[in-house]
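S.K.:
There are 2 protein chains.
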Amino acid sequence: MRAGVDLGGTKIEVLIVEGERDVRGRARRPTPTEGGAAAVVEAIAATVEEAADDAGVDGGRLTGVGVGSPGAVDAAAGTVGFNSNLAGGWKDPYPFTDELGRMTETPVRVANDVDVAAAAELELGAGRDLPSFLAVWWGTGVGGCVVLAGKQWEGNGAAGELGHTVVKLGGRLCPCGRRGCVEAYAGRAAMEARARHLHERGQHTKLFDLMEKANKDRLTSGVWERALKEDDRLAVELIDDAYDALAAACGSVVNLLDVDGIVLGGGLGTRFGATAAERIREKMRPHIFNPTRDPAVRPAELGDDGGAIGAALLVR
Amino acid sequence: MRAGVDLGGTKIEVLIVEGERDVRGRARRPTPTEGGAAAVVEAIAATVEEAADDAGVDGGRLTGVGVGSPGAVDAAAGTVGFNSNLAGGWKDPYPFTDELGRMTETPVRVANDVDVAAAAELELGAGRDLPSFLAVWWGTGVGGCVVLAGKQWEGNGAAGELGHTVVKLGGRLCPCGRRGCVEAYAGRAAMEARARHLHERGQHTKLFDLMEKANKDRLTSGVWERALKEDDRLAVELIDDAYDALAAACGSVVNLLDVDGIVLGGGLGTRFGATAAERIREKMRPHIFNPTRDPAVRPAELGDDGGAIGAALLVR
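Respectively, the protein sequence lines represent chains A and B.
At position 120 of the first sequence (counting the first as 1) the number is 128 in the working numbering, and the numbers step up by one without a gap.
At position 63 of the second sequence (counting the first as 1) the number is 71 in the working numbering, and the numbers step up by one without a gap.
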């Protein structure tokens, strides 16, 4: 049995996996809000122990622990750096696998969070029969992973920044400080900032009332979904802009790489599933240059567990 | 000795190559303006014969003829279809290698024009020491070719359409009928249409006077160069827009694929060479997400002969 860890901005999700994808136990804790990398690693170790208990196995007996992490992950060195969101943030590469390995007394491997989720879709999910595809991870930010002839393309380790594809020169401000990135239109953080700005300037929207009713302090995927159901005009407009931006970026990738399809995951991608896939396909089609191409757009199959299941694949 | 054919919209350029890149003979003819694929193939056969004469070799004694062609090239089938520019145009796949082989009595191979030029840069030119790069062919249109870990990525045969990367949603009209493509800003055909439109609406420019002085009927790379030297305001603006669009597309590809560099060729790319490479690098840098990346941008090394030299590599 192996542990797969999905390290996110708000929560640490650990699954104990047997075989390829049989889940034997699970545990979840909030991601520490301060203390940097050391606090994060300590919280992961505790969550792994708890998940192992849930599976009825001794933590030290696990074959290994695989972690999907945001930030600048160096899988070969086992380090994670440039993480501005987690636990108050840290910049320098932290010896992630060494420290977590010491605490859990098992081998540890770490990789980029979108890459492990894409690996799970490639081996076990929506990408199984797609020789080449683009994974689009649509959530707080927009991540990507290119799979070519059955293999993830990592470049020199920094590939996959689909969110910072320029879709509108001189366009909307992105949380990264640039203008016109996909993420400026489609990232949940950017969409929330935009909604807040327009709301403060007097534009009517139910988004923030729905947020309070749901007892949240940010516009979660669930809040966006609710607002769309109630036909909130601002929500409809902003989500439409997001689809436009995602579709343009996907179309451009299809034109350049002639991949066989798109697999859509992430918090928002999973929440809106087949509807989102269909909207992106519709909006992408007019951008595709070769008239004989009509690539599939599919929702990720492994849902919210995909990240942790993919992480567990790291320590097979 | 092998023949390499660079089939272009206005001319057929044939080199007789020995070894990797020693040019032993050459010939050039205008591309037929009517008669479709059959007329093009006939003209190629005559130009090959002429180039072989120039090299002092009998045409039938050549090891083979390699052709870099625009249009929808199926290299495996040896066909070329969807060619709207050459000889009045044709749509259905034409048995290109069979027909040309019959006329020249040698083995013939055909591949996409940008791909063969990129192959020449990869083996013999600016891409020799770049494990992964994006080739940008900036001319009448904007073509591309992605080289990953030393190999050209072809997708299912339709990869490389960098010119139809969306850099401005809802932006300028592209000759392809879409909006906001790179080619709408950077393609020579689109730039000329834009200049003509603005000139007719009263905007001052020397571009068309320079064109007439040079005895041309279109805005060639040379005409653009001259106008820039004379600091023609419209020319400066349009070329600046082109650099913005090319740089955004290149930056997006670097973010997604983490390639080691960009190699810049094509009619305009070759004409403006190192200056263009430097301008694109400057304008690309702000788009690059990972602060440790600063990919090289280099002019193609083989210049105007690159296409034919690359084509000759097809029949080694």
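We treat Cβ as the ideally placed atom computed from N, Cα and C, and that holds for glycine.
(1) What does Thr-173(A) touch in chain B if you count any residue whose Cβ is under 8 Å from its own?
(2) Does Val-154(A) have its Cβ less than 8 Å from a Cβ in chain B?
(3) Can you check whether the C-beta of Ala-166(A) is within less than 8 Å of a C-beta belonging to chain B?
(4) Indicate the three-state DSSP secondary structure (helix, strand or coil) for Asp-249(A) in the structure shown.
(5) Going by Cα to Cα distance, which pick from Met-9(B), Arg-187(B), Leu-15(B), Gly-12(B) is closest to Met-292(A)?
(6) Return the CA-CA distance between Thr-213(B) and Thr-228(B), expressed in angstroms with no decimal places.
(7) Mapping the DSSP letters down to three states, classify Gly-92(A) as helix, strand or coil.
(8) Could you compute how far the alpha carbon of Val-48(B) sits from the alpha carbon of Val-22(B)?
(9) In the DSSP assignment, find the unbroken alpha helix (DSSP H) run with Ala-222(B) in it and report its ends.
(10) Do you know how far the Cα of Glu-200(B) is from the Cα of Ala-253(B)?
(11) Roughly how far, in whole angstroms, is the beta-carbon of Ala-95(A) from the beta-carbon of Thr-18(A), given that I think they are within contact range, below 8 Å?
(12) Does any C-beta atom of chain B lie closer than 8 Å to the C-beta of Arg-136(A)?
(13) Using a C-beta cutoff of 8 Å, does Trp-161(B) count as contacting chain A?
(14) Cutting at 6 Å between CB atoms, please list the residues of its own chain near Asn-93(A), excluding the five before and the five after it.
(15) By DSSP, does Gly-168(B) sit in helix, in strand, or in coil?
(16) Using only the alpha-carbon positions, how far apart do Leu-215(A) and Ala-197(A) sit?
(17) At 3 residues or longer, and completely inside the region 64-112 of chain B: list those beta strand (DSSP E) runs for me, N to C.
(18) State yes or no: is the beta carbon of Lys-176(A) nearer than 8 Å to at least one beta carbon in chain B?
(19) Does Glu-169(B) get closer than 8 Å to chain A when you measure Cβ to Cβ?
(20) Could you name the residues of the same chain whose beta carbon sits closer than 7 Å to that of Leu-218(A), not counting the 5 residues immediately before and after it, in chain order?
(21) Would you mind telling me which residues of chain A sit closer than 7 Å to Ala-256(B), beta carbon to beta carbon, in chain order?
(22) Just grab the DSSP bridge partners of Asn-263(A) for me.
(23) Can you tell me whether Glu-21(B) is helix, strand or coil according to DSSP?
(24) Just the C-alpha distance for Glu-57(B) and Cys-182(B), rounded to the nearest angstrom, thanks.
(25) Quick one: what's got a C-beta closer than 8 Å to Asp-266(B)'s C-beta in the same chain, skipping five residues either side?
(26) Tell me whether Lys-176(B) is buried or exposed, calling it buried when 16 or more other Cβ atoms sit within 10 Å of its Cβ.
(27) Looking only at its chain, what residues have a beta carbon closer than 7 Å to the beta carbon of Val-244(A), apart from the 5 residues adjacent to it on each side?
(28) Roughly how many whole angstroms lie between the Cα atoms of Leu-15(B) and His-205(A)?
(29) Mind listing the chain C neighbours of His-295(B)? Cutoff is C-beta to C-beta under 8 Å, in chain order.
(30) How big is the Cα-Cα spacing for Thr-283(B) and Ala-167(A)?
(31) In terms of residue numbering, what span does the alpha helix (DSSP H) encompassing Arg-289(A) cover?
(32) Between Asp-82(A) and chain B, is there a C-beta pair that is closer than 8 Å?
M.R.: To lay it out plainly:
(1) Start at 1 with the first residue of the first sequence, and residue 173(A) comes out as number 165. By Cβ distance, chain B contributes Ser-260, Asn-263, Leu-264.
(2) Taking the first residue of the first sequence as position 1, residue 154(A) is located at position 146. Closer than 8 Å: yes.
(3) The residue you call residue 166(A) lines up with position 158 of the first sequence. Chain B, which has a Cβ nearer than 8 Å to the Cβ of Ala-166(A), makes this yes.
(4) Here residue 249(A) refers to the residue found at position 241 of the first sequence. Of the three classes helix, strand and coil, the one that applies to Asp-249(A) here is helix, per DSSP.
(5) Reading the first sequence from its first residue, position 284 is the one you call residue 292(A). Among Met-9(B), Arg-187(B), Leu-15(B), Gly-12(B), the Cα nearest to that of Met-292(A) is on Arg-187(B).
(6) Sequence index remark: in the second sequence, residue 213(B) carries index 205 (1-based). Sequence index remark: in the second sequence, residue 228(B) carries index 220 (1-based). Cα to Cα, the separation comes out at about 15 Å.
(7) Numbered from its first residue, the first sequence carries residue 92(A) at position 84. A small correction: the amino acid at residue 92(A) is Ser; Gly does not occupy that position in the sequence shown. Correct three-state label for Ser-92(A): coil.
(8) As a position in the second sequence, residue 48(B) is number 40, starting the count at 1. As a position in the second sequence, residue 22(B) is number 14, starting the count at 1. About 13 Å.
(9) Translated into the one-based positions of the second sequence, residue 222(B) becomes position 214. First-last for Ala-222(B): undefined, no H or E at that position.
(10) To locate residue 253(B), count along the second sequence from 1; it is residue 245. To locate residue 200(B), count along the second sequence from 1; it is residue 192. Rounded to the nearest angstrom, the two C-alpha atoms are 16 Å apart.
(11) For this step, residue 95(A) is matched to residue 87 along the first sequence. For this step, residue 18(A) is matched to residue 10 along the first sequence. About 11 Å separates the two Cβ atoms, so there is no contact after all.
(12) For the purposes of this step, residue 136(A) is taken as residue 128 along the first sequence, with counting starting at 1. Not an interface residue.
(13) Stepping through the second sequence from its first residue, residue 161(B) is reached at position 153. So yes, Trp-161(B) belongs to the interface.
(14) In the first sequence, the residue the question calls residue 93(A) occupies position 85. Excluding positions up to five away in sequence, the list reads Gly-17.
(15) Counting from 1 along the second sequence, the entry for residue 168(B) is found at position 160. DSSP places Gly-168(B) in coil when its eight states are reduced to three.
(16) Position 207 of the first sequence, counting from 1, holds the residue named residue 215(A). Position 189 of the first sequence, counting from 1, holds the residue named residue 197(A). C-alpha separation (whole angstroms): 14 Å.
(17) 73-77, 80-82, 87-89
(18) In the first sequence, the residue the question calls residue 176(A) occupies position 168. Yes, contact with chain B.
(19) Position 161 of the second sequence, counted from the first residue, corresponds to residue 169(B). At least one chain A Cβ lies under 8 Å of Glu-169(B).
(20) Working through the first sequence from its first residue, we reach residue 218(A) at position 210. Around Leu-218(A): Val-231, Arg-234, Ala-235.
(21) The count along the second sequence starts at 1 and reaches residue 256(B) at position 248. Chain A residues near Ala-256(B): Val-174, Leu-177.
(22) The residue labelled residue 263(A) in the question sits at position 255 within the first sequence. According to DSSP, Asn-263(A) bridges with nothing at all.
(23) Taking the second sequence and counting its residues from 1, the one referred to as residue 21(B) is at position 13. Strand at Glu-21(B).
(24) What you label residue 57(B) is simply residue 49 of the second sequence in a count that begins at 1. What you label residue 182(B) is simply residue 174 of the second sequence in a count that begins at 1. Approximately 38 Å, taken between the alpha carbons.
(25) In the second sequence, counting from the first residue as 1, residue 266(B) sits at position 258. Answer for Asp-266(B): Ser-140, Asn-298, Arg-301, listed in chain order.
(26) The residue labelled residue 176(B) in the question sits at position 168 within the second sequence. Per the 10 Å Cβ criterion, buried.
(27) Counted from its first residue, the first sequence places residue 244(A) at position 236. Correct list, in chain order: Leu-236.
(28) Numbered from 1 along the second sequence, position 7 holds the residue referred to as residue 15(B). Numbered from 1 along the first sequence, position 197 holds the residue referred to as residue 205(A). Whole-angstrom Cα-Cα distance: 54 Å.
(29) You won't find chain C in this structure, because its protein chains are A and B.
(30) Residue mapping note: residue 283(B) aligns to position 275 of the second sequence, counting from 1. Residue mapping note: residue 167(A) aligns to position 159 of the first sequence, counting from 1. Distance between the alpha carbons of Thr-283(B) and Ala-167(A): 28 Å.
(31) Here residue 289(A) is taken as the residue at index 281 of the first sequence, counted from 1. Counting along the chain, the alpha helix (DSSP H) containing Arg-289(A) begins and ends at 274-292.
(32) Counting from 1 along the first sequence, the entry for residue 82(A) is found at position 74. Judged by the 8 Å Cβ criterion, Asp-82(A) is not in contact with chain B.
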